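All residue numbers for the sequence shown refer to the working numbering, where the first residue is 1 and numbers rise by one.
Glycine included, C-beta positions come from ideal geometry on N, C-alpha and C.
Only a predicted model underlies this, so the values are computations on that prediction, with no experimental measurement involved.
Scroll down for the structure; my scribbles are underneath it.
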Amino acid sequence: MFIGDNRTILLVDDDIALLEIGGDIFKRHGFKVITAENGKEAIDAYIKEDEQIDLVILDLNMPGMGGDKCLKELLKINSNLKIIIISGYTDNRIEHKVLSEGAAAFIPKPYKLNDMLNSIQEIL
């Protein structure tokens with residue numbers, strides 16, 4: 001069983017149900033979870049936590065500041081930040097683009113919990 005060791009995940013998605021379900025699941029696996037509904041909230045939450053976030057799980061397509069711009073802004077704040085991009089769009093060009101921009105991984109939606117936990121374990 002994967003254990004988060006009280007590491008902190010910032011979960012960013014404009015789908016409230018996914019934030020609630022994902023938050024509950026990650027908490028059950030030993031993570032502290034902070035949620036944000038868009039890129040601006042994610043940036044604000046990251047700054048508020050004074051860079052104590054270990055990993056960001058970031059939806060690519062959101063209204064307002066989308067995941068692509070948020071990825072770039074977070075990496076400006078901390079170039080070593082680990083970010084997993086999730087998206088319902090599975091075009092290989094999108095995956096290549098976000099990985100070349102600094103994302104640690106790309107996981108297509110809907111994702112399987114074990115795939116996500118394995119990726120998190122590899123990245124952390």
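Could you check if residue i is buried or exposed, using at least 16 other CB atoms within 10 Å of its CB as the buried criterion?
i: Tyr46; result: buried
i: Asp54; result: buried
i: Thr35; result: buried
i: Glu20; result: exposed
i: Gly67; result: buried
i: Ile123; result: exposed
With DSSP collapsed to three states, give me the class of residue i.
i: Phe106; result: strand
i: Met1; result: With a pLDDT of only 47 at Met1, under 50, the local geometry of the prediction cannot be trusted, and the value read off the model is given with reservation. Met1 falls in the coil class under three-state DSSP.
i: Leu81; result: coil
i: Leu40; result: Per the sequence presented here, residue 40 reads as Lys, with Leu not at that position. Lys40: helix per DSSP, three-state reduction.
i: Ile47; result: helix
i: Leu11; result: strand
i: Ile53; result: coil
Just grab the DSSP bridge partners of residue i for me.
i: Ser87; result: Pro108
i: Ile34; result: Leu10
### Query
Taking one C-beta from the region 8-16 and one from the region 57-67 each time, how about it: are there three or more such pairs within less than 8 Å?
Flag = yes, the region 8-16 and the region 57-67 touch.
### Touching by the beta-carbon criterion (3+ pairs, under 8 Å), the region 83-93 and the region 105-112
Yes: the two stretches touch, three or more of their Cβ pairs being nearer than 8 Å.
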